[in-house]
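Here is the structure we will look at.
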Amino acid sequence: MPTNLSAGVQAFTSNVFLVTGDRDVVVDAGANYDVVAAVRDHGVTPDAVVITHPHPDHVGNLDALVDAFDPTVLGFDGVADADRALADGDEIRLGDDDYVVLHTPGHEPHHVCLYSPAAGVLFSADLVFANGSFGRTDLDGGDRETLVESIDRLADTVAGEELTALYPGHGPSVTSDPAADIDLAARSARFQ
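Just so we're aligned, residue 1 is where the sequence shown starts under UniProt numbering, counting upward by one.
Set out below in C-alpha coordinates:
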(Lines of atoms letter the chains of each structure in order from A; the text may use other names.)
(Lines give C-alpha, C1' and ligand atoms only; values in the text may rest on other atoms or scores of the structure.)
Protein backbone atom coordinates (compact mmCIF):
# COMPACT_ATOMS: atom_id res chain seq x y z
CA MET A 1 0.00 0.00 0.00
CA PRO A 2 1.44 3.39 -0.93
CA THR A 3 2.41 5.76 1.87
CA ASN A 4 1.75 9.47 1.44
CA LEU A 5 4.97 11.13 2.60
CA SER A 6 3.30 14.56 2.46
CA ALA A 7 0.54 13.69 4.92
CA GLY A 8 0.40 16.40 7.58
CA VAL A 9 2.93 18.67 5.87
CA GLN A 10 1.98 22.32 6.27
CA ALA A 11 3.47 23.66 3.02
CA PHE A 12 2.45 24.08 -0.60
CA THR A 13 3.35 20.69 -2.03
CA SER A 14 1.88 17.80 -3.91
CA ASN A 15 1.22 14.41 -2.42
CA VAL A 16 4.33 12.25 -2.53
CA PHE A 17 3.76 8.51 -2.48
CA LEU A 18 6.31 5.91 -1.45
CA VAL A 19 5.55 2.50 -2.94
CA THR A 20 7.65 -0.29 -1.45
CA GLY A 21 8.17 -3.93 -2.38
CA ASP A 22 10.13 -5.53 -5.21
CA ARG A 23 11.01 -2.03 -6.40
CA ASP A 24 10.91 0.94 -4.03
CA VAL A 25 9.63 3.96 -5.94
CA VAL A 26 8.61 7.52 -5.10
CA VAL A 27 5.74 8.97 -7.12
CA ASP A 28 6.31 12.73 -7.42
CA ALA A 29 8.87 14.63 -5.40
CA GLY A 30 6.75 17.33 -3.76
CA ALA A 31 8.13 20.69 -2.71
CA ASN A 32 8.90 22.87 0.29
CA TYR A 33 9.59 20.16 2.91
CA ASP A 34 12.25 17.58 3.77
CA VAL A 35 11.11 14.63 1.66
CA VAL A 36 14.51 12.95 2.06
CA ALA A 37 13.98 12.60 5.81
CA ALA A 38 10.47 11.28 5.16
CA VAL A 39 11.87 8.58 2.86
CA ARG A 40 14.66 7.71 5.31
CA ASP A 41 12.06 7.29 8.08
CA HIS A 42 10.83 4.27 6.10
CA GLY A 43 14.29 2.73 5.85
CA VAL A 44 14.33 2.35 2.07
CA THR A 45 16.44 3.64 -0.79
CA PRO A 46 14.18 4.37 -3.74
CA ASP A 47 15.25 2.89 -7.05
CA ALA A 48 13.22 5.41 -9.03
CA VAL A 49 11.20 8.62 -8.84
CA VAL A 50 8.26 8.95 -11.22
CA ILE A 51 7.33 12.52 -12.12
CA THR A 52 3.65 12.69 -13.09
CA HIS A 53 4.15 16.17 -14.55
CA PRO A 54 6.75 18.92 -14.15
CA HIS A 55 4.85 21.55 -12.14
CA PRO A 56 6.95 23.03 -9.30
CA ASP A 57 4.84 21.53 -6.52
CA HIS A 58 5.54 18.04 -7.94
CA VAL A 59 9.26 18.44 -8.71
CA GLY A 60 10.54 20.99 -6.18
CA ASN A 61 12.25 18.33 -4.06
CA LEU A 62 13.56 16.30 -7.00
CA ASP A 63 17.17 17.49 -6.75
CA ALA A 64 17.25 16.59 -3.04
CA LEU A 65 15.95 13.06 -3.77
CA VAL A 66 18.51 12.60 -6.57
CA ASP A 67 21.36 13.88 -4.38
CA ALA A 68 20.39 11.62 -1.48
CA PHE A 69 19.45 8.38 -3.26
CA ASP A 70 20.59 8.59 -6.91
CA PRO A 71 17.34 7.10 -8.24
CA THR A 72 16.40 6.85 -11.90
CA VAL A 73 14.01 9.71 -12.71
CA LEU A 74 11.11 8.69 -14.95
CA GLY A 75 8.83 11.16 -16.70
CA PHE A 76 6.81 11.49 -19.85
CA ASP A 77 8.79 12.16 -23.01
CA GLY A 78 9.84 15.81 -22.90
CA VAL A 79 10.14 16.15 -19.11
CA ALA A 80 13.51 17.87 -18.77
CA ASP A 81 14.72 16.17 -15.56
CA ALA A 82 13.87 12.61 -16.62
CA ASP A 83 16.65 10.06 -17.02
CA ARG A 84 14.23 7.78 -18.81
CA ALA A 85 11.35 8.96 -20.97
CA LEU A 86 8.01 7.24 -20.52
CA ALA A 87 5.51 6.76 -23.33
CA ASP A 88 1.80 6.10 -23.27
CA GLY A 89 1.25 2.38 -22.70
CA ASP A 90 4.64 1.68 -21.11
CA GLU A 91 4.66 -0.62 -18.11
CA ILE A 92 6.73 0.15 -15.03
CA ARG A 93 7.09 -1.65 -11.71
CA LEU A 94 6.10 0.17 -8.52
CA GLY A 95 6.48 -1.87 -5.37
CA ASP A 96 5.17 -5.35 -6.14
CA ASP A 97 2.91 -4.43 -9.06
CA ASP A 98 3.15 -3.45 -12.71
CA TYR A 99 1.56 -0.15 -13.73
CA VAL A 100 0.56 1.11 -17.16
CA VAL A 101 1.57 4.67 -18.03
CA LEU A 102 -1.42 6.65 -19.30
CA HIS A 103 -0.63 9.94 -21.02
CA THR A 104 -3.39 12.23 -19.73
CA PRO A 105 -2.73 15.83 -20.83
CA GLY A 106 -5.03 18.74 -20.15
CA HIS A 107 -3.75 19.93 -16.79
CA GLU A 108 -0.25 19.89 -18.25
CA PRO A 109 0.97 18.53 -21.63
CA HIS A 110 3.34 15.91 -20.10
CA HIS A 111 0.89 14.68 -17.46
CA VAL A 112 0.63 10.94 -16.79
CA CYS A 113 -1.44 8.67 -14.60
CA LEU A 114 -0.23 5.25 -13.46
CA TYR A 115 -2.70 2.35 -13.35
CA SER A 116 -2.34 -1.23 -12.16
CA PRO A 117 -5.35 -3.33 -13.17
CA ALA A 118 -4.02 -6.28 -11.14
CA ALA A 119 -3.66 -4.23 -7.95
CA GLY A 120 -6.74 -2.09 -8.64
CA VAL A 121 -4.69 1.04 -7.95
CA LEU A 122 -4.57 4.34 -9.84
CA PHE A 123 -2.20 7.25 -9.30
CA SER A 124 -4.25 10.06 -10.85
CA ALA A 125 -1.83 12.91 -10.14
CA ASP A 126 -3.54 16.22 -10.99
CA LEU A 127 -6.13 14.82 -13.39
CA VAL A 128 -8.82 13.84 -10.86
CA PHE A 129 -9.12 14.18 -7.10
CA ALA A 130 -11.47 13.02 -4.35
CA ASN A 131 -15.13 13.99 -4.58
CA GLY A 132 -15.08 14.49 -8.35
CA SER A 133 -12.66 17.40 -8.37
CA PHE A 134 -10.29 17.72 -11.30
CA GLY A 135 -7.10 19.50 -12.30
CA ARG A 136 -7.04 23.16 -13.18
CA THR A 137 -6.41 24.25 -16.75
CA ASP A 138 -5.55 27.93 -16.27
CA LEU A 139 -1.79 27.30 -16.00
CA ASP A 140 0.63 27.24 -18.96
CA GLY A 141 -0.15 24.27 -21.18
CA GLY A 142 -3.56 23.66 -19.62
CA ASP A 143 -6.51 22.96 -21.89
CA ARG A 144 -10.04 22.20 -20.65
CA GLU A 145 -11.16 20.21 -23.71
CA THR A 146 -8.05 18.02 -23.56
CA LEU A 147 -8.53 17.55 -19.81
CA VAL A 148 -12.11 16.33 -20.36
CA GLU A 149 -10.85 13.90 -23.02
CA SER A 150 -8.22 12.58 -20.59
CA ILE A 151 -10.74 12.13 -17.79
CA ASP A 152 -13.05 10.29 -20.22
CA ARG A 153 -10.15 8.06 -21.24
CA LEU A 154 -9.40 7.33 -17.61
CA ALA A 155 -13.06 6.52 -16.88
CA ASP A 156 -13.15 4.18 -19.89
CA THR A 157 -9.89 2.52 -18.80
CA VAL A 158 -11.13 1.65 -15.31
CA ALA A 159 -14.75 0.88 -16.32
CA GLY A 160 -15.62 -2.65 -15.33
CA GLU A 161 -12.32 -3.09 -13.49
CA GLU A 162 -11.86 -3.65 -9.78
CA LEU A 163 -10.53 -0.19 -8.88
CA THR A 164 -9.92 -0.16 -5.14
CA ALA A 165 -7.77 2.94 -4.60
CA LEU A 166 -7.15 6.31 -6.22
CA TYR A 167 -4.08 8.25 -5.14
CA PRO A 168 -4.34 11.87 -6.38
CA GLY A 169 -1.70 14.56 -6.56
CA HIS A 170 -3.43 16.62 -3.87
CA GLY A 171 -5.89 15.94 -1.08
CA PRO A 172 -7.06 12.65 0.36
CA SER A 173 -6.80 9.26 -1.26
CA VAL A 174 -10.01 7.48 -2.24
CA THR A 175 -10.54 3.88 -1.18
CA SER A 176 -14.32 3.72 -1.30
CA ASP A 177 -15.65 3.42 -4.88
CA PRO A 178 -12.96 5.55 -6.56
CA ALA A 179 -14.50 4.95 -10.00
CA ALA A 180 -17.47 7.04 -8.87
CA ASP A 181 -15.13 9.98 -8.17
CA ILE A 182 -13.68 9.64 -11.69
CA ASP A 183 -17.17 9.54 -13.21
CA LEU A 184 -18.19 12.61 -11.21
CA ALA A 185 -15.06 14.45 -12.36
CA ALA A 186 -15.90 13.54 -15.97
CA ARG A 187 -19.35 15.09 -15.61
CA SER A 188 -18.22 18.10 -13.56
CA ALA A 189 -15.35 19.08 -15.87
CA ARG A 190 -17.82 19.67 -18.68
CA PHE A 191 -19.72 22.35 -16.75
CA GLN A 192 -17.15 24.43 -14.95
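Virtual Cβ for every residue (Gly too), placed ideally from N, Cα, C. A quick note: this is a predicted structure, and the numbers were derived from the prediction, not measured.
Coarse secondary structure for residue i, derived from DSSP in three states
i           : result
H107        : coil
V44         : coil
T72         : strand
D67         : helix
residue 194 : Coverage of the chain is limited to positions 1 through 192, which leaves residue 194 absent and any answer about it impossible.
A185        : helix
L139        : coil
R23         : strand
D126        : coil
Exposure of residue i, with buried meaning 16 or more beta-carbon neighbours within 10 Å
i    : result
G169 : buried
L18  : buried
G95  : buried
V181 : Residue 181 is actually Asp in this sequence, not Val. When all chains shown are included, D181 counts as buried.
Supposed contact pair residue j and residue i - C-beta distance, whole angstroms, cut 8 angstroms
i    : j    : result
E108 : G142 : 7 angstroms
A64  : V44  : Not a contact, Cβ separation roughly 16 angstroms.
A186 : L147 : So it is not a contact: roughly 10 angstroms between Cβ atoms.
A125 : H110 : With a Cβ gap of about 11 angstroms, A125 and H110 do not count as contacting.
Residues near residue i by beta carbon distance below 7 angstroms, same chain, minus five either side
i    : result
L163 : G120, L122, P178 and A179
D88  : V101, L102 and H103
P172 : A130
8 angstroms CB neighbourhood of residue i in its chain, flanking five on each side removed
i    : result
D81  : I51, P54, V59, L62, V73 and G75
E149 : G106
D83  : T72, V73 and L74
P153 : The displayed chain sequence assigns Arg, not Pro, to residue 153. For R153, where only same-chain residues beyond five positions count, the Cβ hits under 8 angstroms are L102 and T104.
Beta-carbon contacts of residue i that lie in its chain and below 6 angstroms, excluding the five residues immediately before and after
i   : result
G30 : S6, T13, S14, V16 and N61
R23 : D47 and R93
F69 : T45 and P46
Bridge partners - residue i, DSSP secondary structure assignment
i    : result
P168 : A125
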